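Position 146 (the sequence shown) corresponds to 146 in the numbering used here; numbering is contiguous. All residues carry an ideal CB built from backbone N, CA and C; glycine is no exception. On a predicted model such as this, the values are computed, not experimentally measured, just so you know. Everything below concerns the one structure shown next.
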Amino acid sequence: MNLDFQILSYGGTCVEDMEVTTLLYTVFVKEGYTQKSYAEKSFVPNEIQRRGKIKLARSNAGQLLGMAIFVPSSSSACQVAKKDEAEIQLLAVYPEVRGKGIGSRLILVCEQQAISCGYTKMVLSTQQTMKDAHHLYEQRGYIYNSKRNWTSDGNKIYFVYEKVLQI
């Protein structure tokens, strides 16, 4: 079943802040990928906004379905991007609407933003347990590069995927 939706830029409203925070908690905390204590510091509006340009997937009725953040390499929030690379962070789609092209379209919009900014490569980090996300990235042409893996808090390993952009 296809779902009609559109990708919009984050507008900074209080309602959007609540929606984004709820989405991130639902996907990352409730699904066991992020500790609640970390989320309480990191999934707050000013921390999310400072990362980069937030893209929102909304149903035609206005319901938030998913999000991603386009992060330029000049951002202090970059985790792995080098000078000629942009990064995608916090790609999240509500579980009940996964498999309908939302994540794929959010990635595409971030790639288009990267190309328009002159980047030649897109990178992202994902947790080793996020198997469905790995599959999505591979479908979108991303290649796992184990040489770029990194750890956070000394114990959580992040896999790095990268893609050369077609300009």
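Return helix, strand or coil for residue i, following the three-state DSSP convention.
i           : result
residue 161 : strand
residue 170 : In this structure the chain extends from 1 to 167, so residue 170 is not present and cannot be described.
residue 80  : coil
residue 144 : strand
residue 13  : coil
residue 18  : helix
residue 156 : strand
Got a sec, what are the start and stop residues for the alpha helix (DSSP H) residue i sits in?
i           : result
residue 104 : 102 to 116
residue 3   : Run containing residue 3: none; DSSP gives neither H nor E here.
Shortest alpha-carbon distance to residue i belongs to which of the options?
i           : options        : result
residue 45  : 16, 35, 64, 57 : 16
residue 43  : 76, 22, 58     : 22
residue 55  : 152, 66, 156   : 66
residue 113 : 103, 87, 134   : 87
residue 125 : 94, 25, 90     : 90
residue 117 : 51, 71, 59, 60 : 71
residue 58  : 7, 47, 97      : 7
residue 129 : 96, 41, 158    : 158
residue 148 : 132, 63, 127   : 127
Which same chain residues, not among the five before or five after residue i, have their C-beta less than 6 Å away from its C-beta?
i          : result
residue 13 : none
Using a Cβ-Cβ cutoff of less than 7 Å, which residues in the same chain neighbour residue i once the five nearest sequence positions on both sides are dropped?
i           : result
residue 111 : 122, 165
residue 34  : 28
Go through its chain and collect everything with a Cβ distance to residue i's Cβ below 8 Å, but skip five positions before and after it.
i           : result
residue 9   : 53, 54, 55, 56
residue 143 : 161, 162, 163
residue 73  : 81, 82, 83, 84, 85, 86, 87, 119
Grab the span of the beta strand (DSSP E) containing residue i for me, first residue to last.
i           : result
residue 121 : 121 to 127
Practice prompt. Counting only runs of 4+ residues fully inside the segment 32 to 77, write out the alpha helix (DSSP H) ranges in chain order.
Written response: DSSP assignment within the segment 32 to 77 yields the following whole alpha helix (DSSP H) runs of 4 residues or more, N-terminal first: 36 to 42, 45 to 51.
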